[in-house]
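2 protein chains.
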Amino acid sequence: MNKEITNEFRFHHIGIIVRDLNAAIDRYNSFLGSNNHEYYQEFVRSQKVKVCLVPLTEGTYIEFIEPIGTNSPVYNFSRNGGGLHHLCYEVEDVEEEIQRLKGSMKLIVKPVTGLQNRIMAFLFSKSEEIGFSLIELIEKK
Amino acid sequence: MNKEITNEFRFHHIGIIVRDLNAAIDRYNSFLGSNNHEYYQEFVRSQKVKVCLVPLTEGTYIEFIEPIGTNSPVYNFSRNGGGLHHLCYEVEDVEEEIQRLKGSMKLIVKPVTGLQNRIMAFLFSKSEEIGFSLIELIEKK
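Taken in sequence, the protein lines are chains L and C. Residues in the first sequence are numbered from 1 upward in steps of one, following this note's numbering. Residues in the second sequence are numbered from 142 upward in steps of one, following this note's numbering.
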């Protein structure tokens, strides 16, 4: 199937690493002037992180991410202040997109069960100046 | 006016610093499998940057940002590889939100004319671990 001129990517979230999930949510609410605390939370075992999805627009989110334990892949990032970490897009077939992108992006987390029991993977741009270097792909629900 | 429990913030874009705007657009299109090049571009004089708005979802964007000249505020960031830089929200009144947020955030770019001739400002979180540290506010159209 030729995917070159289709555009099946749908932006899902921006991932932000924090030290403390609840503190981050409180501060974000304070920033927005919001009292809402009814946000989706989950422990994503494969990545050793607790995450919270805070709606950004319809169907898109900020994903606050707190590492659980020093062997979480994002532990060091969180200890260096945390911050903006990756962009995540929903796709029909994670494996297929990895194959399509393998010339330009390096697979750094192979397909595994992630958020909401969906297959996910992380890719990193091989270009030094791609700007949006770290990308998560997750399968559509 | 009590803004504490209102939520008038509307996510507008994520800013990504790049060395070369056109190269970044090409790579992003390649990533998406898109041939579209009809993106809004502008030179934002006050920040000494060229920007391009690539639609993310309805009314939200990736803003690719290329510094123009070594005295652009984001020149060094671009030379250190660039990447995810800030989140931008539309608000009714930039000055009013700055006043509301001044206890928790430091004003680092005072209100000035920015993108699309709209008043904009940059704030930086005073907390060490707010995660979403650098925020742009722009007035609604």
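Cβ coordinates follow ideal geometry from the N, Cα and C atoms, glycine included.
Residue range of the beta strand (DSSP E) that includes residue i
i      : result
V94/L  : No beta strand (DSSP E) holds V94/L; the alpha helix (DSSP H) holding it covers 94-101.
I276/C : 275-280
Y40/L  : 40-44
R160/C : Unbroken run through R160/C: none, as it is neither H nor E.
E8/L   : Segment: none, E8/L is in no beta strand (DSSP E) and carries neither H nor E.
I119/L : 119-125
T211/C : No beta strand (DSSP E) contains T211/C, which DSSP labels as neither H nor E.
H37/L  : Note, H37/L: premise wrong, no beta strand (DSSP E); not H, not E.
L107/L : 105-113
G224/C : 224-232
Selected residue, minimal CA-CA separation from residue i, among the options
i      : options                        : result
L242/C : L32/L, D20/L, R10/L, D26/L     : L32/L
I166/C : L137/L, K140/L, S127/L         : S127/L
F205/C : R186/C, Y180/C, Q257/C, Q240/C : Y180/C
N170/C : P214/C, E238/C, I203/C         : I203/C
S133/L : H226/C, K282/C, G255/C, Q188/C : H226/C
H12/L  : N80/L, S104/L, L56/L           : L56/L
E149/C : E233/C, R168/C, I155/C, L228/C : E233/C
I138/L : N76/L, N35/L, L87/L            : L87/L
N258/C : K282/C, E277/C, E199/C, A164/C : K282/C
I98/L  : R27/L, H37/L, V54/L, E136/L    : E136/L
Boundaries (first-last residue) of the alpha helix (DSSP H) holding residue i
i     : result
S78/L : 75-79
Same chain only: Cβ atoms within 6 Å of residue i, ignoring 5 sequence neighbours per side
i      : result
S78/L  : I17, R19, P67
Q182/C : C193
I249/C : F263, F265
L162/C : K191, C193, F205, E207
Cut-off 8 Å between Cβ atoms - residues of its own chain near residue i, not counting five sequence neighbours on either side
i      : result
G223/C : I157, I158, V159, R160
Close-in-space but distant-in-sequence residues of the same chain around residue i (CB under 7 Å, 5 per side omitted)
i      : result
R151/C : Y230, E231
K144/C : Reliability fails at K144/C, whose pLDDT of 42 lies under 50, so the model's placement of it is uncertain and the value that follows must be treated cautiously. So the qualifying residues of the chain are R241.
V190/C : I206, E207, P208, I209, S213, V215
V185/C : V192, G255, L256
K106/L : L123, F124, K126
N176/C : N170
T60/L  : F11, H12, H13
S46/L  : V112, T113, G114
Any chain C beta carbon closer than 8 Å to residue i
i      : result
M1/L   : For M1/L, the predicted structure reports a pLDDT of 39, less than 50, and the residue's modelled location is therefore unreliable. A value from the coordinates is still provided. Output row for M1/L: interface = no.
L32/L  : yes
I164/L : Here chain L has residues from 1 to 141 only, and residue 164/L is not among them.
E4/L   : Its pLDDT being 46, under 50, E4/L is placed unreliably in this model, and the coordinates cannot settle the point.
CB-CB length for residue i against residue j, believed under 8 Å
i      : j     : result
P111/L : E96/L : Contact flag wrong, Cβ pair sits at about 11 Å.
I155/C : I14/L : 6 Å
is_contact[residue i, chain L] using C-beta, thresh 8 Å
i      : result
R168/C : yes
L278/C : no
F150/C : yes
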